[in-house]
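Here is the structure we will look at.
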Amino acid sequence: MYKYAFFVEGFTEALFVENVLKVLVGRKDLSYKIQSRRGGSTCPFRTIEVREVSSQDEKYFFLICDCGGETNVKSYLLEQRQSLINAGYQKLYGIRDVYPKFGRSEIHKLDYSLHYRVSQNPIPTKFILSIMEMESWMIAEWTFFQKLNSNITLSSINTLCGMNVSSGNTEMIDEPANRLNDVFATVGCSYTKGCATIVNLLDYDEICVNVRTRVPSLERLCSEIEACLV
C-alpha cells in the first residue's frame, strides 16, 4: 500500500481534498482517514477521528489532518513527520491559505519560510499554498452557487468578484472567502468555513479536469496527487 499525508488548515480544506482524491485516485483504490487535531499551546494535544474509509483494493491510503488553523499546519506536520516515516508514508504535504496572515506580495516569502529547514530525506515534504484562500478554488467552479440558489447569476458573481470567474484565474481575487460571502448575501445566506453542505455542492469532476487548468495553485495540488499514483 502507498501511503501519503495531507496536513490542512481546516475542515473546509479537508473535505475539499477528500473529494479531489475520490476523483483523481478513484474509489476502488482509495482508502483514507480524516482526523481533527487540536491543542498544543495551553492544553494537551487531542486527535479526533472524523471519518475512515477503506476501499476494495486498498492500493492507496491518504491521511488528511485538519490542523485547526493555518499557523498549525507546519508545526503539526513536523511533529508527526518521524512517526509517519516510521509508519511507511512516502510523501507528506501541508496546505494553507495565504490570506489573511500574508499579502499577495509576500507569497514567495511565505513559501520559503514553510520549506525552510524542512528535510526532504528520506521522504519529500512539501507545502502547497492556496492563493489567496482555498475559496478561490471554490469560486472558480461557480455553478455550485446556482445549486445553492438558482437566483444567483454568473453576472452577479462576476460583478462582486471583480472578474469573470468562469474563465479567469480566481487566484487574483484578494479576499475570496469574503467575496464568496458577498455572493451568498445577495440571496440572504452567509458562508461559514467548514460547512460540509457547501463544499459538497462543488462539481469535483469539473474541478479536476477543467478548473485546475486556469488556477495554478489548484493545478499544483492535482498534479501532486497524480504524482503519487503509480
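Remember, my numbering sits 107 above the position in the sequence shown when you count from 1.
Beta carbons: idealized from backbone N, C-alpha and C, even for Gly.
Quick caveat: nothing in here was measured; it's all calculated off a predicted structure.
*Would you decide whether arginine 203 is buried or exposed? Buried here means 16 or more other CB atoms lie within 10 Å of its CB.*
Buried: at least 16 other Cβ atoms inside 10 Å.
_Let's test the definition: count the other Cβ atoms within 10 Å of the Cβ of isoleucine 314 and tell me whether it reaches 16, buried, or not, exposed._
The residue in question, isoleucine 314, is buried, as its Cβ has 16 or more Cβ neighbours within 10 Å.
*tyrosine 139, buried or exposed, once every other Cβ within 10 Å from all chains shown has been counted against 16*: With 16 or more other Cβ atoms within 10 Å, it is buried.
*asked:* Is the separation between the beta-carbon of valine 290 and that of leucine 309 shorter than 9 angstroms?
replied: No, Cβ-Cβ distance for valine 290 and leucine 309 is not below 9 angstroms.
*asked:* Once DSSP output is grouped into helix, strand and coil, what is the label at threonine 304?
replied: Here threonine 304 carries a helix assignment [DSSP, helix/strand/coil].
*Which residues in the same chain as glutamate 156 place their Cβ atom closer than 6 angstroms to its Cβ, once the five residues preceding and following it in sequence are excluded?*
Cβ within range, chain order: Gln142.
_Going by beta-carbon coordinates alone, are asparagine 126 and valine 306 separated by less than 9 angstroms?_
Yes, the pair counts as a contact, with Cβ atoms nearer than the cut-off.
*Output the distance between the C-alpha atoms of phenylalanine 252 and isoleucine 259, rounded to the nearest integer angstrom.*
Each residue's alpha carbon lies about 6 angstroms from the other.
*Along the beta strand (DSSP E) that carries glutamine 142, what are the first and last residues, could you check?*
Here the beta strand (DSSP E) through glutamine 142 covers 137 to 145.
*asked:* Could you tell me which whole alpha helix (DSSP H) segments of length 4 or greater appear in the stretch 178 to 230?
replied: The stretch 178 to 230 contains these whole alpha helix (DSSP H) runs: 180 to 193, 214 to 222.
*Report the residue from Ala284, Phe118, Met241, Ala112 whose alpha carbon sits nearest the alpha carbon of cysteine 302.*
Closest option to cysteine 302, Cα to Cα, is Phe118.
*the stretch 316 to 328 contacting the stretch 284 to 298, beta-carbon criterion three pairs below 8 angstroms*: No, they do not touch.
_Is it the case that the stretch 204 to 218 contacts the stretch 185 to 196, given that we only count it when at least three CB pairs across the two stretches are under 8 angstroms?_
The answer is no - the stretch 204 to 218 does not touch the stretch 185 to 196, with fewer than three Cβ pairs under 8 angstroms.
*Excluding five sequence neighbours on each side, which residues of the same chain lie with their C-beta closer than 8 angstroms to the C-beta of valine 130?*
The beta carbon of valine 130 is closer than 8 angstroms to those of Tyr311, Asp312, Ile314, Cys315 in its chain, skipping five residues each way along the sequence.
*Identify the continuous beta strand (DSSP E) that holds arginine 153 and give its terminal residues.*
Per DSSP, the continuous beta strand (DSSP E) segment holding arginine 153 begins and ends at 153 to 160.
*For leucine 261, name the three-state secondary structure that DSSP assigns.*
Assigned with DSSP and collapsed to three states, leucine 261 falls in helix.
*Does the Cβ-Cβ distance between leucine 325 and serine 237 come in under 9 angstroms?*
A distance below 9 angstroms separates the beta carbons of leucine 325 and serine 237.
*Compute the distance between the beta-carbons of methionine 239 and glutamate 282, then report whether it is under 9 angstroms.*
Yes.
*asked:* Quick check on the burial criterion: 16 or more other C-beta atoms within 10 angstroms. Buried or exposed for glycine 176?
replied: Result: exposed.
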